[in-house]
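For the sequence shown, position 278 (counting from the first letter as 1) is numbered 397 according to the numbering used here, and the numbering increases by one without interruption. Ideal Cβ placement from N, Cα and C applies to all residues, glycine included.
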Amino acid sequence: MCTAALIRTTLILGFIYTSQGDKNEYDHDDGGTKKKLHLAILTDISSDMYSTTGYENLAAAKLAIEDINADKTFLDDYTLTYTFRDDGCQRRVGLQALSNVYSTEDRVDAVIGISCSVVCELAGYLCDKDQWNIPVISHSCSSGDLSDLDKFPTFSRLSLSVLKYVPAIISTCKEFGWDRVGIMVRNIDWYVNVAVKMQNRLEDNPVYKINQVFMEKFYNQGKADKDTVMYLEEQLQRIKEKIRVIVIVGYADDISLVLKHASKIGMGNGHFAFMTQEFIQADLDKEDRELMSSIQGVLDFEPLLIKTDPGYQSFSHRVREVVKENEYPKTGKDVANLVAAQMYDAVYLYAKSVEKAIAEGVSLEDGATLVKLMSGISWTGKSGAIDIDEVGDRQGNIQVMNIQEGEFIQVGTWWMNTQDITFSKDQDNESYIIWPGFPTSPPVACGRQWELCQTFSDAMARITLLTLVCVALLSGVLVRLYLYNRLNRN
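Here's what the structure looks like:
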């Protein structure tokens, strides 16, 4: 009942917010006499953290559509067309974008893209099999809730669910002997739900015993107001007194906020480790010295992709050419970002499901069935090896990136088949990882002096040992005095 009411309210509000002629709208239709499949391409080109990355995503989607239309051996009876809208990484902007494309004369056959999970969840409700019944294939959304096929039967993605990173985080903890972990999570519903599931999996995993997982929920009002900063630093102080290893769960600006204030209260002193997921997507300002200093040494997890591969380099060059031709804003990165490659592959995943549906005689207007047909589809795409599981999620290997002087350097790989992790080492068997504060060894979960792990029994044992040492010393002194006096009397 609640879900149905939400959908009805959303639809009403969507058409209220619908507007035409926005500067961030693009339509492309050269279908000719072929059967037309019309895509709604959504990505964020207006927020602070993802906007320039968003233009690369748009460029990648254009390239995928061009490549499919040019391939005479693939869906030759069909032409892909598209309409683009900015999703803004916000519910309101995303709702406007979705309702706008759906209200156009062309039927929308699929929604491709969407930058943030709050908009993906909204799209999942609107495109449900009992509503619009069209597939939503995201290149970026990572909410664990989106894996629920009962709730989102028309949703699939080329990005990894945040929960897919938990095994790699566990393997990293095992590698460095970290059995106490803290989670700093942005206090919005889907992130908190993910963090709770992450906490349960960390505590109950069969691979490595993590004894304690602490959680703090922080706020980010979009600006560093006094109350937000004060409360965040209080939370960091609390977690600082309990653990030395912290997983940050949130959007890129949330991660930046936490790291900046962690550094301010002295947590970049060589005693702490920080782990994030897909922070690499962010448009980081390298002129911001405070930010560059605070993110130094962070371990970031993302899908495995060899960006030095000639195929990826060629793709990256093509993306940059489209960006240049259309005079889009540029990122400050050397190659196209991972999510641009995932956007390209998201278009191809839809096309592959259409090809499969045609072969099996399935209606192309049944979005839920199209998503079911995506299960088991695998190929090597622009974003690396792709394997879609039974709930429409991508599976795959994960690479561990280490932020060094503002650059993301690969230092390790988690392998899905073996559920194990390997870290790169130099000829002297030394790790390439640089830790926050530049210590010569990894941070210790209990503190380098074991100061966080003293139980009452530990304390009593130390007191007893200290007492015995004192008694022994005192006894030695008394014996020496006795012998000295006895010797003098003689």
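Determine the contact status of residue i and residue j, defining contact as a CB-CB distance below 8 Å.
| i | j | result |
| --- | --- | --- |
| Met303 | Ile367 | yes |
| Ile362 | Arg299 | yes |
| Leu158 | Ile231 | yes |
| Val285 | Thr273 | no |
| Val473 | Leu156 | yes |
| Phe542 | Glu294 | yes |
| Ser234 | Ser259 | yes |
| Ala183 | Tyr467 | yes |
| Gln538 | Leu423 | no |
| Ile552 | Ala287 | no |
| Thr202 | Asn188 | no |
| Leu418 | Asn521 | yes |
| Asp206 | Val238 | yes |
| Ser494 | Asp508 | yes |
So what does residue i bridge to, in DSSP terms?
| i | result |
| --- | --- |
| Gly243 | According to DSSP, Gly243 bridges with nothing at all. |
| His157 | Thr200 |
| Met368 | One point to set straight first is that residue 368 is Val, not Met, in the sequence displayed. BP columns for Val368 point to Val304. |
| Asp419 | Thr395 and Met520 |
| Met334 | Ile302 |
| Asp539 | Trp534 |
| Asp205 | Thr162 |
| Ala504 | Thr499 |
Pull up the distance between the alpha-carbon of residue i and that of residue j, whole angstroms please.
| i | j | result |
| --- | --- | --- |
| Tyr370 | Gln514 | 21 Å |
| Ala476 | Pro562 | 52 Å |
| Lys544 | Gln529 | 11 Å |
| Gly531 | Ala392 | 16 Å |
| Val510 | Val490 | 8 Å |
| Leu217 | Ile307 | 22 Å |
| Glu440 | Val227 | 28 Å |
| Leu241 | Leu214 | 7 Å |
| Lys142 | Tyr463 | Only weak support exists for where Lys142 lies, its pLDDT of 41 falling under 50; the value from the coordinates is given anyway. Rounded to the nearest angstrom, the two C-alpha atoms are 23 Å apart. |
| Asp402 | Thr172 | 7 Å |
| Leu597 | Gln568 | 34 Å |
| Leu593 | Asn324 | 50 Å |
| Thr122 | Ser165 | No answer about Thr122 holds up, because its pLDDT of 47 lies below 50 and its placement is not dependable. |
| Gln354 | Asp269 | 36 Å |
| Glu61 | Thr586 | Only positions 120 to 609 of the chain appear in the structure, and residue 61 is not among them; the question remains open. |
| Ile365 | Ala487 | 38 Å |
| Glu352 | Lys328 | 29 Å |
| Cys572 | Ala381 | 21 Å |
| Ile425 | Ser257 | 21 Å |
| Asp186 | Trp554 | 43 Å |
| Ser81 | Glu524 | What is shown of the chain runs 120 to 609, which leaves residue 81 out entirely. |
| Thr223 | Lys383 | 50 Å |
| Gly566 | Asp264 | 35 Å |
| Val348 | Asn536 | 42 Å |
| Glu406 | Gln400 | 17 Å |
| Lys345 | Ser433 | 47 Å |
| His390 | Asp506 | 38 Å |
Could you give the first and the last residue of the continuous beta strand (DSSP E) run that contains residue i?
| i | result |
| --- | --- |
| Ile307 | Looking at the DSSP string, Ile307 is not in any beta strand (DSSP E), and its letter there is neither H nor E. |
| Leu194 | No beta strand (DSSP E) holds Leu194; DSSP gives it neither H nor E. |
| Arg276 | Phe274 to Arg276 |
| Val530 | Glu526 to Trp534 |
If you run the structure through DSSP and keep just helix, strand and coil, what is residue i?
| i | result |
| --- | --- |
| Lys544 | strand |
| Asn521 | strand |
| Met394 | strand |
| Ile496 | coil |
| Ser550 | strand |
| Val510 | coil |
| Phe271 | coil |
| Glu352 | helix |
| Ser257 | strand |
| Val454 | coil |
| Asp225 | coil |
| Ala287 | helix |
| Val313 | helix |
| Gly480 | coil |
| Gly486 | helix |
| Val230 | strand |
| Ala401 | coil |
| Gly389 | coil |
| Thr171 | helix |
| Gln461 | helix |
Since residue i is in the alpha helix (DSSP H), which residue starts that stretch and which ends it?
| i | result |
| --- | --- |
| Gln432 | Pro429 to Glu444 |
| Ser413 | Arg408 to Ile414 |
Can you tell me whether residue i sits near the ligand COA, meaning its C-beta is under 7 Å from at least one heavy atom of the ligand?
| i | result |
| --- | --- |
| Asn176 | As far as ligands go, the structure on display features none, and thus does not contain the ligand COA. |
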